[in-house]
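Enquirer:
This is the structure in structure tokens:
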């Protein structure tokens, strides 16, 4: 029997964005622009490109602008139509048609694991992906599509893994792998934010997950862990006792825009890739570099 298709995605977006204060005091961090579109749009477009057509965004207080962004705006559309701005009109209309996009509030900021658990009724008994809004991928990345392909061939939950410096592993969930073949491996243990001296590997769990619905049963039994929050990593540890979990190791294409320096890097690199901005922007950067070298 073939494994069911993966058509649903969950995007947790209830965080307060404190690392970007004061910019996030009055607007969601997910609406901060990277070039000319909010960061969450990149995440939604990544899911759609991988064949996802049903997306649930987990929100919190003061996140109404996320819903407005993916909704129709008839006044704006009318104005663009009247002024003959057909390209802009097509782009804003397309936003509402990207996928079936739903919203639900988390209620209390009790951790990533709790945010995912809120999606249980919507997901039902189907496999689904979780995409963290702080991580956006280069448009050339095939990570999510590769994870879905791995699920279809193995039937196993699959998480994205990236090698990080030993000192940085304390910022991530960490996976203990075995039977690595190419960029895939079997995971035998996971630890949330381990001390680097005791970390089972340098493989960090980053931003992209594919779960069977069994994860919801595991989340029911997770107690608050690191930081007093319900950790998704702890639920994965319980899932390992029930069924296989695989890791897919990748190294390129990710921007952790929760970090200011990576937010700037993403803005520069993604702007350089644009046909309408890249050549002129590249010349500006070259002039800045020459000026700084002279000084």
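In the working numbering, the protein residues as written are 7 to 301. Quick reminder that beta carbons are idealized off the backbone N, C-alpha and C, glycines included.
(1) Terminal residues of the continuous alpha helix (DSSP H) containing residue 269?
(2) DSSP three-state call for residue 259: helix, strand or coil?
(3) In the DSSP assignment, find the unbroken alpha helix (DSSP H) run with residue 119 in it and report its ends.
(4) Could you tell me how far apart the beta carbons of residue 71 and residue 18 are, in whole angstroms, since I believe they sit closer than 8 Å?
(5) Report all residues from its chain with a CB closer than 6 Å to the CB of residue 23; omit the five preceding and five following residues, and keep chain order.
(6) Let me check one thing: in DSSP terms, what residues is residue 161 bridge-paired to?
(7) Given that a residue counts as buried once 16 or more other Cβ atoms are within 10 Å of its Cβ, and exposed if not, what is residue 85?
(8) From residue 164 to residue 65, what distance separates their C-alpha atoms?
(9) Taking the beta strand (DSSP E) that residue 14 falls in, what are its first and last residues?
(10) Please classify residue 111 as buried or exposed, where buried requires at least 16 other C-beta atoms within 10 Å of its C-beta.
(11) Here's a check: name, in chain order, each residue in its chain whose Cβ is nearer than 8 Å to the Cβ of residue 60, leaving out the five neighbours to either side.
(12) Would you say residue 244 and residue 227 are within 8 Å of each other, going by their C-beta atoms?
(13) Check whether the Cβ atoms of residue 209 and residue 180 lie closer than 8 Å to each other.
(14) Quick check on DSSP: helix, strand or coil for residue 307?
(15) Let me know the secondary structure DSSP gives residue 240 once reduced to three states.
(16) Considering only residues of the same chain and omitting the five flanking positions on each side of residue 238, which have a CB-CB separation below 7 Å?
(17) Under 8 Å, with one C-beta from each stretch per pair, do the segment 267-275 and the segment 147-161 reach the 3-pair mark?
(18) In three-state terms, what does DSSP make of residue 195?
(19) So the candidates are 160, 281, 221; which of them puts its Cα closest to the Cα of residue 192?
(20) I need the boundaries of the alpha helix (DSSP H) containing residue 107, first residue and last residue.
(21) Give me the residue from 169, 140, 9, 258 with the minimum Cα distance to residue 37.
Expert: In short:
(1) 266-278
(2) Under the three-state reduction of DSSP, residue 259 is assigned to coil, being neither helix nor strand.
(3) 118-123
(4) With a contact defined as Cβ atoms closer than 8 Å, residue 71 and residue 18 miss out at about 17 Å.
(5) 30, 35
(6) DSSP lists no partner for residue 161.
(7) exposed
(8) 24 Å
(9) Residue 14 -> beta strand (DSSP E) spans 14-18.
(10) exposed
(11) 13, 14, 15, 105, 106, 108
(12) yes
(13) The answer is yes: Cβ separation under 8 Å.
(14) Past the boundaries of the shown model lies residue 307; the chain is included only from 7 to 301, so the question cannot be answered.
(15) helix
(16) The answer, listed in chain order, is 118, 119, 122.
(17) Counting C-beta pairs with one atom in each stretch, the segment 267-275 and the segment 147-161 have fewer than three that are closer than 8 Å, which means they do not touch.
(18) strand
(19) 160
(20) It is not in any alpha helix (DSSP H) - residue 107 instead sits in the beta strand (DSSP E) that spans 106-111.
(21) 140
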